[in-house]
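One structure is given here, and the rest of the page talks about it.
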Amino acid sequence: MKLSIKAFMLLLYAIIVLFFTSISVYMYISQRDKMVDLIASDVQKNLLEVSYYASKVIDNVNNVSVVKPMIDRRIASNEIVDRFLIFHNEKLLFNSSLVNSDISGKNGISGNLKNISFYDLLHKQGFATNIYIYQQDQQIRLNLVLILNHKLLQQNFSDLKINFLVIYCVIFIFVYLFLWKLIDKYLIYTLEKLRQYAYYNSSIPPVMMIKELEYIRSSMLQTFTRLEVEKEKLYKASITDELSGLSNKNHLEERLGRLISRSRRDKKEFAFVFMDIDHFKDVNDLLGHSVGDKLLVDISKKLPDVVRTNDIVARIGGDEFALVLSEYSSHIELTMILERILDMVDSEWHVEGHKVKISASMGVSLYPRDGENIENLLKNSDIALFEAKNKGRARYNFFTQELNEKIITEIETNNQMREALKHGEFELYYQPKVDILSSKIIGAEALIRWNSPTKGLVPPNSFIPIAENSGFIVELGEWIFKTAFNQQLEWSQQSYLKDLVLSVNLSVKQIANDKFIDTFQTIFTNSGADSRYLEIELTESVFINSAGQALEVVNLFRSLGFMISLDDFGTGYSSLSYLKKLPFDIIKIDKTFIDDYNSISGKVYIDTIIKMGHSLGMKLVAEGVETQEQLEFLKELECNIFQGYLCSKPLPVKQFEELVLKTNS
Ligand code: C2E
Ligand code: CA
Ligand code: CA
Numbered sequence: 090m091k092l093s094i095k096a097f098m099l100l101l102y103a104i105i106v107l108f109f110t111s112i113s114v115y116m117y118i119s120q121r122d123k124m125v126d127l128i129a130s131d132v133q134k135n136l137l138e139v140s141y142y143a144s145k146v147i148d149n150v151n152n153v154s155v156v157k158p159m160i161d162r163r164i165a166s167n168e169i170v171d172r173f174l175i176f177h178n179e180k181l182l183f184n185s186s187l188v189n190s191d192i193s194g195k196n197g198i199s200g201n202l203k204n205i206s207f208y209d210l211l212h213k214q215g216f217a218t219n220i221y222i223y224q225q226d227q228q229i230r231l232n233l234v235l236i237l238n239h240k241l242l243q244q245n246f247s248d249l250k251i252n253f254l255v256i257y258c259v260i261f262i263f264v265y266l267f268l269w270k271l272i273d274k275y276l277i278y279t280l281e282k283l284r285q286y287a288y289y290n291s292s293i294p295p296v297m298m299i300k301e302l303e304y305i306r307s308s309m310l311q312t313f314t315r316l317e318v319e320k321e322k323l324y325k326a327s328i329t330d331e332l333s334g335l336s337n338k339n340h341l342e343e344r345l346g347r348l349i350s351r352s353r354r355d356k357k358e359f360a361f362v363f364m365d366i367d368h369f370k371d372v373n374d375l376l377g378h379s380v381g382d383k384l385l386v387d388i389s390k391k392l393p394d395v396v397r398t399n400d401i402v403a404r405i406g407g408d409e410f411a412l413v414l415s416e417y418s419s420h421i422e423l424t425m426i427l428e429r430i431l432d433m434v435d436s437e438w439h440v441e442g443h444k445v446k447i448s449a450s451m452g453v454s455l456y457p458r459d460g461e462n463i464e465n466l467l468k469n470s471d472i473a474l475f476e477a478k479n480k481g482r483a484r485y486n487f488f489t490q491e492l493n494e495k496i497i498t499e500i501e502t503n504n505q506m507r508e509a510l511k512h513g514e515f516e517l518y519y520q521p522k523v524d525i526l527s528s529k530i531i532g533a534e535a536l537i538r539w540n541s542p543t544k545g546l547v548p549p550n551s552f553i554p555i556a557e558n559s560g561f562i563v564e565l566g567e568w569i570f571k572t573a574f575n576q577q578l579e580w581s582q583q584s585y586l587k588d589l590v591l592s593v594n595l596s597v598k599q600i601a602n603d604k605f606i607d608t609f610q611t612i613f614t615n616s617g618a619d620s621r622y623l624e625i626e627l628t629e630s631v632f633i634n635s636a637g638q639a640l641e642v643v644n645l646f647r648s649l650g651f652m653i654s655l656d657d658f659g660t661g662y663s664s665l666s667y668l669k670k671l672p673f674d675i676i677k678i679d680k681t682f683i684d685d686y687n688s689i690s691g692k693v694y695i696d697t698i699i700k701m702g703h704s705l706g707m708k709l710v711a712e713g714v715e716t717q718e719q720l721e722f723l724k725e726l727e728c729n730i731f732q733g734y735l736c737s738k739p740l741p742v743k744q745f746e747e748l749v750l751k752t753n754s
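Residue 608 in the working numbering sits at position 519 of the sequence shown; the count goes up by one each step and never skips.
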């Protein structure tokens, strides 16, 4: 059993009180017994003297009353004696008082006065002795009874009791109280304070009266102060990002949690911004990690300056920052803050002697519209950020529900595509390329189709971009090359198909893969196809987004003997400059120009492209030709090849082969 300090002290105190009380009670009893003895000896003396006197003066049973004067004197001088009675053979002969005495037998009378108890003294009616008289020489025995004044006796004893009680109560109780106060104040209170301090480490207890307690207190104080400092340090480390000194993810979540409850109560909106430095990896790769780190530190230092004091700025990983903006009165104001942040980052930074030009992308989700908890706000701002990057970086983008749905479908489609590849649901269709002069089919473009058992025939525009985003295009692209190369090999064994040039589309995301060159080479070598009848279609985005790699890849195709065509020509911005720099064999004029052939400017564009291509020694393919008029027009401008619904839509391989047989013979 364990006791609290207070309970233990109370127990100790109770034992002390009990001890002193026992002593007092003992003293009271011995005092009372002394008084009993005194009274008893007085009674004895009285009885003896009266009996002696009576035996002298009484000579006859009938003149007992001769003792009356003497007895009266005695009674008058002795308060505790109430009256004397004299009996002879149970018959009352004398009564000193007028009060009728009915002595209830011998029981009420005691003859023995030695060691008489307090109880007997108070409860016996009287005390007796014998008187011997001689009447005619005959000894007669009379009984002398002394009746005590019980009222007075009781009064005396209760006075004694009261005296004791008064002394005990007044003195001892005050002493006890005083003692308890001392114990309470200097022991219980101080020990309790120490215990509380050790437990809660709350307010520092004052200096203590008792030396040992004071030692304990001051050493505890030192320990706890040290612990407090350590705790503070640890807490600080747990909430700050070591590199930048900004809040870390833990602290962000902690503060965001508080902001959410506050905003819920006040029905206020705030913006959660997920920011990421564009192409930060390049800075690290090209200039080294120390420059990258320094750049992050510099940005971190400036970030708090462009937001309001109460806004949260945190670094949550690598080049990722989270900003929580809550002090804006309109969305216009919010976008102004976002612009300010973009401007701050989007400048030339001088880091360790290097000039670095960077920009940032931001995804914004709003509380409570886009998420009512940390998780959803983070997820949705991340989705918005992803979209901002897709839109070309160096910008902010707000989360919308449509965006969310788009992402969800993307994730689903992506999973389904992986399954589809395993189950052989993809198929290459072939769209004829027709020589304008001879009207013969001279080649085909391989265009992928997805025969989904649930979605039906899915066109590439609704899954290729998704596959590009997720990286699945790498795997899918390998399948496309294998299938197309096999097809070319098969055609090479058929006399009416062996001269067809098969072109395959290649997207920028495929080239971005490190292993592309090796994989491509392996697939090609293993296929046994003839590269003289193979063509790769590239769009100019390839050269914009992966400048270095693209050149390497183009050189590879060249060295392997492939033909290269520039797809969708005219839709980008800088096609002309690429035309000069890169060795294309073919230019594919985009369908938008062909659609516009009727307008004056459309005519001029097509004419210019064709003339320029020819002067650079390239062949020209017109895409999306749907009408005879378009074809006539292209023939006039000496365009070489056309592709379009006018001849045929992309066809499954068997139908395509039949079409070639029919058209070319
Ligand atoms: P693209 O490379 O420009 O392909 C030409 C697109 O124009 C094809 O659409 C074709 O069906 C369509 N087309 C051809 N003639 C006409 C016409 O007269 N009128 C109209 N309205 N359209 C015509 P498709 O097959 O839906 O492919 C769309 C895009 O998907 C392709 O554009 C290409 O960028 C991509 N793609 C298709 N197959 C592959 C592939 O195997 N690999 C890669 N990386 N991308 C592919
Ligand atoms: Ca193409
Ligand atoms: Ca095209």
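Using N, Cα and C, we set each Cβ at its ideal position, and we do this for glycine too.
query: Bridge partners - LYS44, DSSP secondary structure assignment; result: In the structure displayed, the chain extends from 90 to 754; residue 44 sits before or after that span and is not available.
query: Sub-9 Å separation of LEU705 and ILE678 beta-carbons; result: no
query: Where the alpha helix (DSSP H) containing LEU127 begins and where it ends; result: 94-146
query: Under the three-state DSSP convention, the category GLU409 falls into; result: strand
query: Cβ-heavy atom distance, ASP674 to ligand 2, below 8 Å; result: no
query: GLN227 - partner residues in DSSP beta bridges; result: GLN224
query: Nearest candidate by alpha-carbon position, reference PHE658, set ASN687, GLY713, GLU641 and SER333; result: GLY713
query: Buried versus exposed call for CYS728 [16 or more other C-beta atoms within 10 Å across all chains shown]; result: buried
query: Residue nearest to LEU187 in terms of C-alpha spacing, selected from SER199, ARG172, LYS180 and GLU428; result: ARG172
query: Cβ contact check for the segment 478-493 and the segment 683-691: 3 or more pairs under 8 Å; result: no
query: For MET433, the first and last residue of its enclosing alpha helix (DSSP H); result: 420-434
query: Distance, ASN135 Cα to GLN225 Cα; result: 28 Å
query: PRO393 (DSSP reduced to helix, strand or coil); result: helix
query: ASP685 Cβ short of 8 Å to ligand 3 heavy atom set; result: no
query: VAL296, enclosing beta strand (DSSP E) - first and last residue; result: Segment: none, VAL296 is in no beta strand (DSSP E) and carries neither H nor E.
query: Alpha-carbon spacing of ARG404 relative to ALA601, whole angstroms; result: 29 Å
query: Spatial neighbours of VAL170 in its chain, beta-carbon cut-off 8 Å, leaving aside the 5 residues before and after; result: VAL132, ASN135, ARG163, ILE164, LEU235, ILE236, LEU237 and ASN238
query: Residue of THR398, ASN149, VAL396 and PHE369 minimising C-alpha distance to LEU385; result: PHE369
query: Contacting residues, own chain, Cβ-Cβ under 8 Å from ASN782 (five flanking each side not counted); result: Residue 782 cannot be examined here, being either before or after the span of the chain that is shown, 90 to 754.
query: Option in CYS736, ALA711 and GLY733 with minimal Cα separation from LYS724; result: ALA711
query: Candidates ILE569, TYR115, VAL523 and GLY650, of which the one nearest LEU254 by Cα; result: TYR115
query: VAL362 beta carbon less than 9 Å from that of GLN576; result: no
query: LEU627 vs SER654 beta-carbon contact at 9 Å; result: yes
query: Pair within 9 Å by beta-carbon distance, ILE366 and VAL440; result: no
query: CA-to-CA distance, ALA639 to ASP355, given in whole angstroms; result: 55 Å
query: Cβ pair count under 8 Å reaching 3, the segment 121-129 against the segment 142-159; result: no
query: Sequence ranges, beta strand (DSSP E) only - wholly within the segment 443-469, length at least 3; result: 443-446 and 449-456
query: Three-state class that DSSP yields for GLU343 in the structure shown; result: helix
query: Collapsed DSSP secondary structure at HIS368 in the structure displayed; result: coil
query: Cβ-heavy atom distance, GLY532 to ligand 1, below 8 Å; result: no
query: Any C-beta of chain D under 9 Å from that of ASN558; result: Judged by its chain identifiers, the structure shown contains no chain D, having just a single protein chain.
query: ARG482 versus MET364: straight-line alpha-carbon distance, rounded; result: 11 Å
query: Three-state class that DSSP yields for VAL155 in the structure shown; result: helix
query: Opposing strand residues paired with HIS439 [DSSP bridges]; result: LYS444
query: Which listed residue (ILE463, VAL523 and GLY513) has its alpha carbon closest to that of SER352; result: ILE463
query: Closest Cα partner of HIS703 within the set LEU510, THR716, PRO739 and LEU726; result: LEU726
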